[in-house]
Amino acid sequence: MQSSTWQKLLFLESHDSVIAWHQQAFSRTLNARRAKEITSAARQAREFFRNSAESNVSVKPLLTFYGVASLSRSVALLLNPKGGESGLTQGHGITTVEWPKTLSGEISAGLAALGELKIKTCKGLFSDIIKQTDNTICIHINSSAVEWRIPYHSPEPGDELTFDDLMLRLPDLNSEHKRSSQTALYASAGSLSYDLDNGFKAQVTSDNFLEFIDIYRSHGYQVTQDTQDTPSYNLSCDAKNFQENPPQFFHSYINKMFKTIPVLHITKPLKSGSRYSQIAITYMLSYFLGMLSRYYPTHWTSLFSGEKGDGRWPEIYLTQKYIDLCFPELILEFLDDNLALNKKTKSTPS
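Here the sequence shown is numbered in the working numbering, starting from 5 and rising by one per residue.
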């Protein structure tokens, strides 16, 4: 657990602090029951993350997912100006798709197919947290502070994604992807600018961009190579196209620039065309690992026991580390930015 992050999240466990936050954000006063619902879920989240940090790897992903779900529940309640627990949709909001079939046969064959494991989104906590956060990704360019934010269109339930759809778009796994035979589906992005007159511009660096450069071209983006000597590209489009087809952004949070600035990346668009905030993608990753360790313990323990087929263990281990460290930080970052934005909006003369 990141003690500094959890210290700042402690306000979610305080009756008075939660009421004060909600009053500042929405100019509404929570009743005692609503405040209790928020603080109870936050307290459970802290305990799940604490127990996960102290647990054996055999159960760590499951405890982490319970922490992710509890923290998501607390935040979904906090951000809803009207509804309480009774208004939340039952269930995690994600289901597995044919996992027994994918993992059938020899254990080693099942481990080799982990990237093909598929999930399907549905109504539940996942859709609630997307709705209450407006599927927003907070953007860092050259600062540890949020410089920009994009509320992606919220995908309809029924989207299907594989484990590899998510892991290969996770830049914090870069060290493992370099050793892998699979191609990473992200490229670092910088020098971003956007306005209604000049549209969107960014510089994208990495040979990986060649793997999905044509998709962005097909989405109305112009791409030119900056120089012949380095893999650097200028990506641009007009404002209308950017609003209709924004890039899928993602940050590296473990490997920060100067240890403080999350590093921005652009990723290959998903086949479905859906775009998800980093909070949503991290929730899905946690669900994958939590359900794998819970319902397929033989496969899970075989991954870290030096058995045949365990080649993706370093990548999966780092994914778990990313979730443990970064999900609470993503939540804190969003809440702080959301409150600052609401206060700024209310103080601006109409």
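Backbone N, C-alpha and C fix where the C-beta goes; we use that ideal spot for every residue, glycine too.
### Between the CA atoms of L239 and S256 - distance to the nearest angstrom
For the purposes of this step, residue 256 is identified with residue 252 of the sequence shown, where counting begins at 1. For the purposes of this step, residue 239 is identified with residue 235 of the sequence shown, where counting begins at 1. Cα to Cα, S256 sits roughly 20 Å from L239.
Give the straight-line distance between the Cα atoms of V63 and W103, rounded to the nearest whole angstrom.
Looking up residue 63 in the sequence shown gives position 59. Looking up residue 103 in the sequence shown gives position 99. Using only the alpha carbons, I get a separation of about 19 Å.
Exercise. Residue range of the beta strand (DSSP E) that N9 falls in?
Worked result: Within the sequence shown, residue 9 is the residue found at index 5, counting from 1. The sequence shown places Thr at residue 9, not Asn. For T9, there is no enclosing beta strand (DSSP E); the residue is part of the alpha helix (DSSP H) that begins and ends at S7 to K12.
Give me the Cβ distance between H144 and L345, rounded to the nearest whole Å; I'm assuming they're in contact under 8 Å. Here residue 144 is taken as the residue at index 140 of the sequence shown, counted from 1. Here residue 345 is taken as the residue at index 341 of the sequence shown, counted from 1. Contact flag wrong, Cβ pair sits at about 16 Å.
Check: When DSSP labels each residue in this structure, what does A49 get in the three-state scheme?
Finding: Taking the first residue of the sequence shown as 1, we reach residue 49 at position 45. The answer is helix: DSSP assigns A49 an H, G or I state.
**Asked** Quick one: what's got a C-beta closer than 6 Å to T302's C-beta in the same chain, skipping five residues either side?
**Response** Here the question's residue 302 lines up with position 298 in the sequence shown. Excluding positions up to five away in sequence, the list is empty.
Bridge-paired residues (DSSP) for F359: Nothing about residue 359 can be read from this structure; the chain reaches only from 5 to 354.
Query raised in the report: By how many angstroms is the C-alpha of W317 removed from the C-alpha of Q28?
Result: The residue labelled residue 28 in the question sits at position 24 within the sequence shown. The residue labelled residue 317 in the question sits at position 313 within the sequence shown. Approximately 45 Å between the Cα atoms of the pair.
**Message:** Do S281 and L356 count as a contact pair if the criterion is CB distance below 7 Å?
**Reply:** Nothing in the structure corresponds to residue 356, since the chain is present only between 5 and 354.
Going by DSSP, what residue range makes up the alpha helix (DSSP H) through Y287?
Stepping through the sequence shown from its first residue, residue 287 is reached at position 283. For Y287, the enclosing alpha helix (DSSP H) stretches over residues Q282 to Y299.
Nearest by alpha-carbon distance to T100: which of K86, E120, G194 and H181 is it?
Working through the sequence shown from its first residue, we reach residue 100 at position 96. Considering only alpha carbons, the answer is E120.
7 Å Cβ shell around L289 - same chain, five flanking residues per side excluded | One-based indexing of the sequence shown puts residue 289 at position 285. Cβ within range, chain order: L170, T323 and I327.
Cβ neighbours of A46 in the same chain (closer than 8 Å, five flanking residues each side left out)
The residue given as residue 46 occupies position 42 in the sequence shown. L13, L16, E17, S74, L75 and S78.
**Member of L172, Q226, K122 and G87 whose CA lies at the smallest distance from the CA of N212** = Here residue 212 refers to the residue found at position 208 of the sequence shown. Checked all of L172, Q226, K122 and G87; the closest Cα to N212 is L172.
Where in the region 79 to 106 do unbroken runs of the alpha helix (DSSP H), each at least 4 residues long, occur, reported from the N-terminal end onward? Listed in chain order, the complete alpha helix (DSSP H) runs (minimum 4 residues) inside the region 79 to 106 are 103 to 106.
Just the C-alpha distance for L83 and S197, rounded to the nearest angstrom, thanks. Walking along the sequence shown from the start, residue 83 turns up at place 79. Walking along the sequence shown from the start, residue 197 turns up at place 193. Each residue's alpha carbon lies about 29 Å from the other.
What's the C-alpha gap between S306 and S184? Locating residue 306 in the sequence shown gives position 302, counting from the first residue. Locating residue 184 in the sequence shown gives position 180, counting from the first residue. Near 20 Å, if we compare the C-alpha coordinates of S184 and S306.
Given a cut-off of 7 Å, decide if V72 and F331 are closer than it, judged by their beta-carbon atoms. Along the sequence shown, one-based indexing puts residue 331 at 327. Along the sequence shown, one-based indexing puts residue 72 at 68. In this structure, F331 places its C-beta atom within 7 Å of the C-beta atom of V72.
- Task: Could you pull the start and end residues of the beta strand (DSSP E) that L177 belongs to?
- Result: Residue numbering aside, residue 177 sits at position 173 when the sequence shown is read from its first letter. L177 -> no beta strand (DSSP E), and no H or E assigned at all.
*Thinking C-beta only, is Y190 closer than 7 Å to P175?*
Translated into the one-based positions of the sequence shown, residue 175 becomes position 171. Translated into the one-based positions of the sequence shown, residue 190 becomes position 186. Their beta carbons are under 7 Å apart, which means P175 touches Y190 by this criterion.
Suppose you measure from the CA of F52 to the CA of R153; what does that come to, to the nearest Å?
Taking the first residue of the sequence shown as 1, we reach residue 52 at position 48. Taking the first residue of the sequence shown as 1, we reach residue 153 at position 149. Their Cα atoms are separated by approximately 29 Å.
Can D341 and C142 be called in contact, C-beta distance under 7 Å? Mapped onto the sequence shown, residue 341 falls at position 337. Mapped onto the sequence shown, residue 142 falls at position 138. Yes.
Considering R153, what are the terminal residues of the beta strand (DSSP E) in which it resides?
The sequence position of residue 153 within the sequence shown is 149, counting from 1. Residues W152 to P155.
Are A243 and L200 closer than 7 Å when you measure CB to CB?
Counting from 1 along the sequence shown, the entry for residue 243 is found at position 239. Counting from 1 along the sequence shown, the entry for residue 200 is found at position 196. Judged by their CB atoms, A243 and L200 are nearer to each other than the 7 Å cut-off.
Discussion item. Tell me which residues share the same chain as T271 and place their Cβ nearer than 7 Å to its Cβ, disregarding the 5 neighbours each side in the sequence.
Written reply: Along the sequence shown, one-based indexing puts residue 271 at 267. Same-chain partners within the cutoff: R173, L189, Y190, Q252 and F254.
Reduced DSSP secondary structure (H/G/I, E/B, other) of Q207:
Working through the sequence shown from its first residue, we reach residue 207 at position 203. It is a strand residue.
Quiz item: When the Cα of L329 is compared with those of E311, T349 and Y287, which residue comes out closest?
Solution: By one-based count along the sequence shown, residue 329 stands at place 325. L329 has its Cα closest to that of Y287, out of E311, T349 and Y287.
Can you look up Y225 in the DSSP assignment and give me helix, strand or coil? Taking the sequence shown and counting its residues from 1, the one referred to as residue 225 is at position 221. Collapsing the DSSP output to three states places Y225 in coil.
* To do: Give me whichever residues DSSP pairs with M261 in a beta bridge.
  => By one-based count along the sequence shown, residue 261 stands at place 257. According to DSSP, which records beta bridges pairwise, M261 is partnered with I265.
* What is the DSSP secondary structure of T323, counted as helix, strand or coil? -> Residue numbering aside, residue 323 sits at position 319 when the sequence shown is read from its first letter. T323: helix per DSSP, three-state reduction.
Distance, I134 Cα to G95 Cα
Here residue 95 refers to the residue found at position 91 of the sequence shown. Here residue 134 refers to the residue found at position 130 of the sequence shown. Rounded to the nearest angstrom, the two C-alpha atoms are 14 Å apart.
Identify the continuous beta strand (DSSP E) that holds N238 and give its terminal residues.
As a first step, residue 238 is located in the sequence shown; it is residue number 234 there, counting from the start. Where N238 is concerned, the enclosing beta strand (DSSP E) stretches over S236 to C241.
Item to complete: With distances taken Cα to Cα, identify the nearest neighbour of S158 among S59, I285 and T33.
Response: Sequence index remark: in the sequence shown, residue 158 carries index 154 (1-based). Answer by Cα proximity: I285.
Task: Reduced DSSP category for S76 - H, G, I as helix; E, B as strand; rest coil - done: Here residue 76 refers to the residue found at position 72 when the sequence shown is read from its first residue. Reduced to three states, the DSSP call for S76 is helix.
Practice item. Whole angstroms is fine: what's the gap from S8's alpha carbon to E333's? Key: Taking the sequence shown and counting its residues from 1, the one referred to as residue 8 is at position 4. Taking the sequence shown and counting its residues from 1, the one referred to as residue 333 is at position 329. Straight-line measurement puts the Cα of E333 at about 10 Å from the Cα of S8.
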